[in-house]
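Q:
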Amino acid sequence: MGVGPILRAEDLTKTYGTGPVRVTALCETTLAVAPREFVAIMGPSGSGKSTLLHLLGGLDTATTGRIFIRDIEITGLSDKELTLVRRRDVGFIFQSFNLLPTLSAEENVMIPIAIGSRSGAHKEKDAKRLDHLFALVNMEERRHHRPDQLSGGEQQRVAIARALVTEPAIILADEPTGNLDRRHGRDVLSLLQRSAADMGQTILMVTHDPAAAVFADRVIFLSDGAIVRELPLEGDGNVEAIIASLAELGD
Ligand SMILES: Nc1ncnc2c1ncn2[C@@H]1O[C@H](COP(=O)(O)OP(=O)(O)O)[C@@H](O)[C@H]1O
Ligand SMILES: [Mg+2]
0 MGVGPILRAE
10 DLTKTYGTGP
20 VRVTALCETT
30 LAVAPREFVA
40 IMGPSGSGKS
50 TLLHLLGGLD
60 TATTGRIFIR
70 DIEITGLSDK
80 ELTLVRRRDV
90 GFIFQSFNLL
100 PTLSAEENVM
110 IPIAIGSRSG
120 AHKEKDAKRL
130 DHLFALVNME
140 ERRHHRPDQL
150 SGGEQQRVAI
160 ARALVTEPAI
170 ILADEPTGNL
180 DRRHGRDVLS
190 LLQRSAADMG
200 QTILMVTHDP
210 AAAVFADRVI
220 FLSDGAIVRE
230 LPLEGDGNVE
240 AIIASLAELG
250 D
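Heads up: the sequence shown begins at 0 in numbering that gives the first Met the number 0, then just goes up one per residue.
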């Protein structure tokens, strides 16, 4: 018995601007992602990768087409409803970490759950969850450091903990290793993969780097706003197959 997709896009189109400056960033894109799947999205700069991620996560609205998270159609929800869906179901990780500089690592991770007042039972649960998350991203010793006291790799690990703190079903990561060197990039990705497996999350990750994409179960290639190829990866992936696909697609 199959399980339905956790995330589904049907004929998704996004155009920016009007008249002569109109840009079609995404063109009738259809996509289904299974629960717990790790999908990498690759393609040349300007091919619509970030646009796709932003639409799927409800950070931006589609021009036409439909998006479903589980069975809930998020296209057409009010801003208020969309904010709730985003808060409950989606965690974002960005290339530039986006940590608040004046807060400690721990305070940054707590931002998504600090909304509204949290009382007794919640507080205890939150403390347990923080312990677990900081252990998961291997940052127990750095919980009280501010971002400027952390390396790029450490900052991104804090950002991963922040994305996981609400236990969202879906993690969306836009070039999470783009500002990291190879080794730290690899560390961050294995952490992301392990954390998501631990919590049962689905991941969509935009990347330029075949060595990052190889962590995924499947790679989707975008070109000019359309999915032009999909490459399933077996076991530990296959960097050569990814590089060959990129070469064929002229990236
Ligand atoms: N806010 C915007 N306004 C106008 N055009 C945009 C905007 N965001 C993206 N675009 C255009 O849409 C296309 C896809 O952009 P993007 O999704 O950021 O690509 P990628 O992430 O693959 O580099 C590009 O041509 C880009 O210039
Ligand atoms: Mg982008």
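Glycine included, every Cβ here is placed at the ideal spot set by N, Cα and C.
1. Give the DSSP bridge partners of R217, in chain order.
2. Look at the alpha carbon of V227 and the alpha carbon of A120, and state the distance between them as a whole number of angstroms.
3. Apply the 10 Å Cβ neighbour rule to A162 and answer buried if 16 or more other Cβ atoms are within range, or exposed otherwise.
4. Can you tell me whether V22 is buried or exposed, with buried defined as 16 or more other CB within 10 angstroms of its CB?
5. Buried or exposed for M0, please, with buried defined as at least 16 other CB atoms from any protein chain shown within 10 angstroms of its CB.
6. May I have the straight-line CA-CA distance separating D10 from I68, to the nearest angstrom?
7. Just confirm the distance between the C-beta atoms of S103 and H131, as a whole number of angstroms; I'd bet it's less than 8 Å.
8. Would you list the residues sitting across from I202 in a DSSP beta bridge?
9. Go ahead and pull the three-state DSSP assignment for H53.
10. Any idea what DSSP makes of A61, helix, strand or coil?
11. Which residue marks the beginning of the beta strand (DSSP E) containing E9, and which one marks its end?
12. With hydrogens ignored, establish whether the beta-carbon of K124 is closer than 7 Å to any heavy atom of ligand 2.
13. G90: which of G249, V213, M204, E239 sits nearest, CA to CA?
14. Any residue with its C-beta under 5 Å from a non-hydrogen atom of ligand 1 counts. Can you list them all in chain order?
A: On the basis of the data shown:
1. Along the sequence shown, one-based indexing puts residue 217 at 218. In the DSSP output, where bridge partners are listed per residue, R217 has V38, P231.
2. Against the sequence shown, residue 227 aligns to sequence position 228. Against the sequence shown, residue 120 aligns to sequence position 121. Answer to the nearest angstrom: the Cα atoms are 49 Å apart.
3. Numbered from its first residue, the sequence shown carries residue 162 at position 163. Classification for A162: buried.
4. The count along the sequence shown starts at 1 and reaches residue 22 at position 23. That one is exposed.
5. Here the question's residue 0 lines up with position 1 in the sequence shown. With a pLDDT of only 43 at M0, under 50, the local geometry of the prediction cannot be trusted, and the value read off the model is given with reservation. Exposed.
6. Counted from its first residue, the sequence shown places residue 10 at position 11. Counted from its first residue, the sequence shown places residue 68 at position 69. Cα-Cα distance, rounded: 15 Å.
7. Looking up residue 103 in the sequence shown gives position 104. Looking up residue 131 in the sequence shown gives position 132. Wrong, their Cβ atoms sit about 18 Å apart, outside the cutoff.
8. To locate residue 202, count along the sequence shown from 1; it is residue 203. F37, I170.
9. Along the sequence shown, one-based indexing puts residue 53 at 54. Of the three classes helix, strand and coil, the one that applies to H53 here is helix, per DSSP.
10. For the purposes of this step, residue 61 is taken as residue 62 along the sequence shown, with counting starting at 1. Looking at A61 - three-state DSSP - the assignment turns out to be coil, as it is neither helix nor strand.
11. Position 10 of the sequence shown, counted from the start, is the residue given in the question as residue 9. Where E9 is concerned, the enclosing beta strand (DSSP E) stretches over 6-15.
12. By 1-based counting over the sequence shown, the position of residue 124 is 125. No; taking the cut-off as 7 Å, the Cβ of K124 has no heavy atom of ligand 2 nearer than that.
13. On the sequence shown, residue 90 is found 91 positions in, with the first residue counted as 1. Selected option, being the one with the closest Cα: M204.
14. Y15, V22, A24, S44, G45, S46, G47, K48, S49, T50
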